Amino acid sequence: MRLLSLVLWAIAVAATLAPVLGRRRGAAPRRVLPRDELVKDPVCQTYVVQSRAIRRTMDGEPRYFCSLACAERFAARS
Numbered sequence: 002m003r004l005l006s007l008v009l010w011a012i013a014v015a016a017t018l019a020p021v022l023g024r025r026r027g028a029a030p031r032r033v034l035p036r037d038e039l040v041k042d043p044v045c046q047t048y049v050v051q052s053r054a055i056r057r058t059m060d061g062e063p064r065y066f067c068s069l070a071c072a073e074r075f076a077a078r079s
């Protein structure tokens, strides 16, 4: 029983001190990821993350859509 409480105490102390000690040892700072731009779907007016949007070039200009259905609907109107 005494051994179990000693082990639990050691784990608690280690968990408390780990973030503090990790920073002092010159741990690398967290990388900041570039923010992805939001683009507006011209059909349903939904904002979509550009990297996940459906991209079609129409009239020499890139257009971004939330789904294939919106891209097809836009192409049918043009």
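Residue numbers are given in the working numbering: position 71 of the sequence shown equals residue 72, and the series is strictly consecutive.
By construction, the Cβ of each residue, glycine as well, lies at the ideal position given by its N, Cα and C atoms.
Only a predicted model underlies this, so the values are computations on that prediction, with no experimental measurement involved.
Which of helix, strand or coil DSSP assigns to residue i
i	result
Thr47	coil
Pro20	helix
Glu73	helix
Alpha carbon of residue i to alpha carbon of residue j, nearest angstrom
i	j	result
Ser52	Met2	55 Å
Start and end residues, beta strand (DSSP E) containing residue i
i	result
Arg32	From DSSP, Arg32 is part of no beta strand (DSSP E); its letter is neither H nor E.
Arg56	55-59
Residue of the options minimising C-alpha distance to residue i
i	options	result
Val50	Phe75, Cys67, Gly61, Val14	Cys67
Exposure label - residue i; buried when at least 16 CB within 10 Å
i	result
Arg64	buried
Asp42	buried
Val40	buried
Ala1	The chain is shown from 2 up to 79; residue 1 falls before or after that span and cannot be answered.
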